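All residue numbers in the sequence shown are consecutive under my numbering, ending with 498. Built from N, CA and C at the ideal position, the CB exists for glycine as well. Predicted model, so just to flag it, every value in this text is computed and none were measured. Below is one structure, written out as structure tokens; comments come after it.
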Amino acid sequence: MTTPQRLALRGDLLDFTATPGWGDVDPAGVRWRPDHWLLVEAGRIVGAQPACVDLAGDWVRHEFPGRLILPGFIDTHVHSPQLDVIASYGTELLDWLTTHTFPAEARYAEEAVAHAGAARFLDALLAHGTTSAVVFPTVHKRSVDHLFEAAAERGMRVVAGKILMDRNAPADLCDDVVQAERECTELIERWHGRDRLAYAVTVRFAPTSSPAQLAMAGRLVARHPGVYMQTHLAENRAEVDWVHALFPDARSYLDVYAGAGLLDDRSVFAHGIWLDDADRRALADAGAQIAHSPSSNLFLGSGLFDWRAAEAAGVAVSLASDVGGGTSLSMLRTMADAYKVQALRGERLTAWVALHAATRGAARALRLDAEIGSLEVGAAADVCVWDVAVGAVAQQRHYLARGLHERLFAWMTLGDDRNLVGAWVAGVRRDLT
Ligand code: GUN
Ligand code: ZN
């Protein structure tokens, strides 16, 4: 596909210019521009103007009256090979890993499986309106190559890295420190900063890495400024107990990572349910983020994330599907689950806080807000067009809704990939297959 040089998309533009406050259904920082043209040149946003004003010049025009135009969603924690185990019955985290997940990831040792899986995964992300993602592939170096190659073919912004595991996992999924360090270094040199790709040093979680491997991961981060670090943190109570048994000298689970040099402003920690105030302060001081994964937390029975405490401590919170622990790649479904998790805690999550966490908030936490997460001039034109009401039930609810927040909250709660009308990545329209 070629990039049309000048592209104009007409619809209702929605993005954020500031962080919306908790519980406020009418906050400053929501930028709502109904019936506007969004203007794109050479893959970047160059402006917006009301549709009633004559659009001068030579633009390739696509009109979506009454449809929402949003920045593409950012999924800050998702496992590409785990599409194969999504919706697996009957287990909590540690059993789920050994029963379902590790066998599925072991199949990625085969090139053909890793190659086809990467394409299937990225096409599925796009079909759900997600144009950027922070991804766990597998421990196999070639699975990382296949994922990055497929992302580059689609022009997507993907952050990923080889999973590190050298203990407490099946032998065919374990590496060793020397081999892993060599492979990660080669992958960083090959992929980090190429096209729209970035490398993340990817520690699966503390129980599957020896102290020597954690120290090696810390060395990689220190040696390569700008790379990310991703891992799991304090997801499940049995997991937390196991970490205390394996690392008796650490004050907390987070402290295991911090002690290895794996806590900074490019760290993405999935879950963070079972934390204390000292952990939250340390995360905030470091500028690290929590990738909150509500669908996964409900499905695996992991716990109810305390978003308010994270927010109060100043920790950045983004949203993540965590497929295959999560049961949908849809960030709308993820937001709906986040609302329900907060409701079980006696809190109310507005559509604004949820949408911000899946767009500009995630981009800021990744230090990529000049590039993704908004419809700002200069940003990449990663843009999705949404139908806010599909089907008789949603249409009736939409018709009766009072005000913008109520309409968008209903869309967020009832919508999924069937609501997506079109997706553009860096100004190129992508097939929704
Ligand atoms: N902890 C360690 N590995 C995983 C994983 O693959 N998924 C989830 N949800 N938690 C993990
Ligand atoms: Zn995960």
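- Under DSSP, residue 336 forms a beta bridge with 298.
- DSSP places residue 244 in no beta strand (DSSP E) but in the uninterrupted alpha helix (DSSP H) bounded by 242 to 256.
- Residue pairing by DSSP places residue 114 opposite 102 in a beta bridge.
- A distance below 9 Å separates the beta carbons of residue 129 and residue 486.
- Nearest to residue 421 by alpha-carbon distance, out of 81, 246, 310, 75, is 81.
- Put simply, the segment 361 to 373 touches the segment 398 to 416. At least three CB pairs are less than 8 Å apart.
- According to DSSP, residue 195 shares a beta bridge with 138.
- Within 8 Å of the C-beta of residue 304 there is at least one heavy atom belonging to the ligand GUN.
- When DSSP states are grouped into helix, strand and coil, residue 476 belongs to the helix group.
- If the five residues before and after residue 441 are omitted, its C-beta is found closer than 7 Å to the C-beta atoms of 110, all from its own chain and listed in chain order.
- Those residues whose C-beta sits under 6 Å from the nearest heavy atom of the ligand GUN are, from N- to C-terminal order along the chain, 144, 158, 162, 166, 269, 270, 297, 300, 361, 387, 390.
- In the structure shown, residue 176 falls within a helical segment according to DSSP collapsed to helix, strand and coil.
- Each residue's CA atom was taken as its position, placing residue 466 and residue 249 some 51 Å apart.
- Here the segment 135 to 152 makes contact with the segment 352 to 361; the two share three or more CB pairs at distances below 8 Å.
- For residue 201, the shortest C-beta to heavy atom distance toward the ligand ZN is below 8 Å.
- In this structure, the CA atom of residue 77 is about 30 Å from the CA atom of residue 217.
- Among the bridge pairs identified by DSSP, residue 355 is matched with 334, 382.
- Remark: the C-beta of residue 335 is in contact range of the ligand ZN, defined as less than 8 Å to any heavy atom.
- Among the bridge pairs identified by DSSP, residue 488 is matched with 449, 495.
- For residue 426, the enclosing alpha helix (DSSP H) covers residues 425 to 430.
- Taking C-alpha positions only, residue 233 is separated from residue 215 by approximately 31 Å.
- Partner residues in the beta bridge of residue 125, as assigned by DSSP, are 72.
- Bounds of any beta strand (DSSP E) do not take in residue 321; it lies within the alpha helix (DSSP H) bounded by 318 to 324.
- Taking the Cα positions, residue 403 is about 10 Å away from residue 386.
- The distance from the Cβ of residue 263 to that of residue 204 is about 19 Å, inconsistent with a contact at the 8 Å cut-off.
- For residue 264, the enclosing beta strand (DSSP E) covers residues 262 to 268.
- Residue environment for residue 212: buried (at least 16 other C-beta atoms within 10 angstroms of its C-beta).
- Contact between residue 189 and residue 394 holds, with the beta-carbon distance rounding to 6 Å and staying under 8 Å.
- Under the three-state reduction of DSSP output, residue 154 falls in the coil class, being neither helix nor strand.
- Under the 8 Å Cβ criterion, the segment 412 to 429 does not count as touching the segment 154 to 164, having fewer than three qualifying pairs.
- The ligand ZN has a heavy atom closer than 8 Å to the beta-carbon of residue 358.
- By the C-beta density criterion, residue 255 is exposed, having fewer than 16 other C-beta atoms within 10 angstroms.
- For residue 217, the enclosing alpha helix (DSSP H) begins and ends at 206 to 219.
- The beta carbons of residue 480 and residue 446 sit no closer together than 9 Å.
- Looking at the backbone, the Cα of residue 308 and that of residue 75 are separated by about 52 Å.
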